[in-house]
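Per our numbering, numbering through the sequence shown is continuous, rising by one, with the last residue being 428. Here's the structure, in structure tokens; my notes come after.
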Amino acid sequence: MSDFSLELNEDQLQIQKWVHDFSEQVIRPAAHEWDEREETPWPIIEEAAKVGIYSFDFITQCFFDEAGLLMPIANEELAWGDAGIGLAILGTTLGLAGIAANGTPEQLMEWGPQCFGTPEKIQMAAFAVSEPDAGSDVSSLRTRAVYDEAKDEWVLNGTKTWITNGGIADIHVVVASVDPDLKSRGQASFIVPPGTPGISQGQKFSKMGIRASHTAEVVLDDCRVPGSCLLGGKERLDEKLARAREGKRSTSQAAMATFEASRPSVGAQALGIARAAYEYSLDYAKERKAFGRAIIENQGIAFKIADMKTRIDASRLLVWRAAWMGRNGKKFEAGEGSMSKLFAGETAVWVTEQAIQIMGGYGYIREHPVERWHRDSKIYTIFEGTSEIQRLIIARAVSGVYIP
Ligand SMILES: Cc1cc2nc3c(=O)[nH]c(=O)nc-3n(C[C@H](O)[C@H](O)[C@H](O)COP(=O)(O)OP(=O)(O)OC[C@H]3O[C@@H](n4cnc5c(N)ncnc54)[C@H](O)[C@@H]3O)c2cc1C
Numbered sequence: 025m026s027d028f029s030l031e032l033n034e035d036q037l038q039i040q041k042w043v044h045d046f047s048e049q050v051i052r053p054a055a056h057e058w059d060e061r062e063e064t065p066w067p068i069i070e071e072a073a074k075v076g077i078y079s080f081d082f083i084t085q086c087f088f089d090e091a092g093l094l095m096p097i098a099n100e101e102l103a104w105g106d107a108g109i110g111l112a113i114l115g116t117t118l119g120l121a122g123i124a125a126n127g128t129p130e131q132l133m134e135w136g137p138q139c140f141g142t143p144e145k146i147q148m149a150a151f152a153v154s155e156p157d158a159g160s161d162v163s164s165l166r167t168r169a170v171y172d173e174a175k176d177e178w179v180l181n182g183t184k185t186w187i188t189n190g191g192i193a194d195i196h197v198v199v200a201s202v203d204p205d206l207k208s209r210g211q212a213s214f215i216v217p218p219g220t221p222g223i224s225q226g227q228k229f230s231k232m233g234i235r236a237s238h239t240a241e242v243v244l245d246d247c248r249v250p251g252s253c254l255l256g257g258k259e260r261l262d263e264k265l266a267r268a269r270e271g272k273r274s275t276s277q278a279a280m281a282t283f284e285a286s287r288p289s290v291g292a293q294a295l296g297i298a299r300a301a302y303e304y305s306l307d308y309a310k311e312r313k314a315f316g317r318a319i320i321e322n323q324g325i326a327f328k329i330a331d332m333k334t335r336i337d338a339s340r341l342l343v344w345r346a347a348w349m350g351r352n353g354k355k356f357e358a359g360e361g362s363m364s365k366l367f368a369g370e371t372a373v374w375v376t377e378q379a380i381q382i383m384g385g386y387g388y389i390r391e392h393p394v395e396r397w398h399r400d401s402k403i404y405t406i407f408e409g410t411s412e413i414q415r416l417i418i419a420r421a422v423s424g425v426y427i428p
């Protein structure tokens with residue numbers, strides 16, 4: 025176990041600088057263009073793969089950081105450059121998290137590297153849970169997985185929606201119901217390997233923010249995957265279903281296990297956007313003159329800056345605590361993972377709005393990035409569990425009361 029320290033070690037500092045430099049030199053200059061184009065920024069992902077940021081090795085290195093801080097650090101730095109492009113690079117890690125949380129070590133070693141491919145042949149992964157009638161309420165998923173014993177294959181049918189990298193991913197990790205009567209306890213995760221017939225992209229969504237990140241429906245129509253694609257294996261699933269049928273406590277739920285692991289990283293992305301907006305508006309406030317003085321000389325502006333910085337630092341502390349706890353096997357007794365995502369997400373929305381206000385008219389036009397950062401920030405109160413759902417998780421954890 026690693027002691028908790030706020031002082032980054034040499035390795036962490038070096039990686040932070042490396043990712044930051046990439047973000048500053050490659051991502052940020054391209055951010056406006058890809059936001060306008062609303063397309064996956066393949067050339068930037070290729071660059072990230074070439075330098076090694078988009079790779080299974082790098083993500084594994086982050087994951088194995090003893091303090092657990094490298095993952096949030098990398099997420100913060102990439103989103104600081106641009107959250108949409110950052111997510112185009114990081115979306116694959118959601119699929120990977122789905123495999124890591126529910127799969128066996130052998131499955132992780134087989135599929136993990138394939139999620140990224142190689143710099144010569146980039147691959148992507150997606151994690152598909154949400155459906156048109158099941159977003160926050162994951163227990164009502166309709167996508168079905170039926171076992172064909174004769175062929176040792178699973179047959180998947182259903183429609184997933186709002187899936188990051190949906191349809192363009194090579195590997196889709198799909199959460200489906202094996203026994204609908206058992207609600208979320210009757211669900212399992214499946215790998216849909218590259219080139220599998222029966223999986224296709226439905227509608228691609230045009231969004232308010234993070235527009236360089238691809239979001240689309242995924243349609244599963246008699247999509248057959250080998251028995252070995254059931255994450256965790258059949259024996260473990262049968263045991264889990266038997267326990268659920270007997271009304272015994274469950275140890276994990278397919279979708280929840282993944283979200284629990286990824287929340288601090290998502291919070292870190294929000295933090296990256298907030299920091300970008302804070303830095304930009306602070307510089308502006310020192311430069312911009314009104315009534316014969318720099319606008320920061322007004323308490324009304326200076327106090328905004330003070331509050332922005334305070335909330336950003338508080339967000340980072342919550343994110344780092346949750347990341348350290350997750351990496352060191354600490355139980356989230358008070359919903360600490362949810363706290364980090366909730367606070368960082370809402371901070372990003374608030375800070376980016378303050379940044380627009382500080383910049384006045386210049387904050388509202390597309391010549392400056394703060395209006396984009398505000399649009400980008402809003403998703404962080406919605407995906408990976410809305411702010412309301414995070415509050416539910418925290419309230420249940422601290423009160424011991426089941427709040428529906
Ligand atoms: C850009 C984008 C990318 C996404 N990427 C992915 C992805 O890669 N994979 C994936 O599986 N999903 C993804 N999602 C889906 C996302 O996780 C869901 O949108 C989110 O979980 C909310 O579900 P919903 O939209 O159905 O809202 P609903 O669940 O319908 O909620 C609507 C409103 O009601 C509130 N609400 C619902 N239940 C309660 C309650 N019990 N108490 C209080 N308030 C409540 C919610 O907080 C929200 O404000 C993505 C979504 C977007 C927009």
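Positions of the beta carbon are idealized from the N, C-alpha and C atoms, including for glycine.
Pairing Lys365 with Glu408 gives a Cβ-Cβ distance under 8 Å.
Remark: C-beta atoms of Ile51 and Asp106 approach each other more closely than 8 Å. For Lys402, the CB stays at least 7 Å from every heavy atom of ligand 1. Between Arg335 and Thr376 the beta-carbon gap is near 12 Å, outside 8 Å, which marks them as no contact. By the Cβ-count criterion, Tyr426 is exposed, with fewer than 16 other Cβ atoms from all chains shown falling within 10 Å of its own Cβ.
Restricting attention to alpha helix (DSSP H) runs no shorter than 4 residues, the region 222-308 encloses them at 258-269, ordered along the chain. When the alpha-carbon of Arg299 is set against those of Glu101, Gln49 and Pro218, the nearest one is in Glu101. A Cβ-Cβ distance of about 20 Å is found for the pair Ala124 and Gly190, leaving them out of contact under the 8 Å criterion.
DSSP places Leu118 in the helix class (H, G or I) of the three-state scheme. Rounded to whole angstroms, the separation of the alpha carbons of Tyr386 and Ile319 is 14 Å. For a cut-off of 8 Å, the C-beta gap from Arg168 to Asp157 is around 14 Å, too long to register as a contact. Here Phe151 carries a strand assignment [DSSP, helix/strand/coil]. If you draw a straight line from the Cα of Met133 to the Cα of Met280, it is about 22 Å long.
Taking non-hydrogen atoms of ligand 1 into account, the C-beta of Lys365 is found less than 7 Å away from none of them. A distance below 8 Å separates the beta carbons of Gln36 and Ile97. In this structure, Gly369 has its CB at a distance of at least 7 Å from all heavy atoms of ligand 1. Of the other Cβ atoms in all chains shown, fewer than 16 fall within 10 Å of the Cβ of Lys313; this residue is therefore exposed. Less than 8 Å separates the beta-carbon of Gly251 from that of Trp178.
In this structure the region 203-221 does not touch the region 230-238; the number of beta carbon pairs closer than 8 Å is below three. Val153 is classed as buried because its beta carbon has at least 16 other beta carbons within 10 Å across all chains shown. Fully contained in the region 389-423 are the following alpha helix (DSSP H) runs of length 4 or more, in chain order: 394-401 and 411-423. About 11 Å separates the Cβ atoms of Ala112 and Pro67, ruling out a contact at the 8 Å cut-off. DSSP, read as helix, strand or coil, puts Asp59 in helix.
Apart from sequence neighbours up to five positions away, the residues of its chain that approach Ile418 with a beta-carbon distance below 8 Å are Ala358, Gly359, Ser362, Met363 and Leu366, ordered along the chain. By the C-beta density criterion, Val394 is buried, having at least 16 other C-beta atoms within 10 angstroms. Taken in chain order, the unbroken stretches of alpha helix (DSSP H) that lie wholly in the region 39-116 and span 4 residues or more are 52-61, 66-75, 80-87 and 94-105. DSSP links Phe214 through a beta bridge to Val198 and Leu254.
Set against 7 Å, the gap from the CB of Trp186 to the closest heavy atom of ligand 1 is smaller. If the five residues before and after Gly122 are omitted, its C-beta is found closer than 6 Å to the C-beta atoms of Phe151, Val197, Ser213 and Thr282, all from its own chain and listed in chain order. The beta carbon of Asp172 lies closer than 8 Å to those of Trp178, Val179 and Arg248 in the same chain, with the five residues before and after it left out.
Shown here for Phe28: same chain residues with a beta carbon closer than 6 Å to its own, the five before and five after excluded, namely Trp348 in chain order. Residue environment: Gly424 is assigned as exposed (fewer than 16 neighbouring CB atoms within 10 Å of its CB, all protein chains considered). At a threshold of 7 Å, Val75 does not count as near ligand 1, since its beta carbon sits no closer than that to any of the ligand's heavy atoms. Thr116 is positioned such that its CB atom lies no closer than 8 Å to that of Cys86. Unbroken beta strand (DSSP E) stretches of 3 residues or longer found wholly inside the region 121-196: 149-152, 168-172 and 177-188, given in chain order. Take Arg420, set aside five residues on each side of it, and the residues of its chain with a beta-carbon closer than 7 Å to its own are Tyr426 and Ile427, in chain order.
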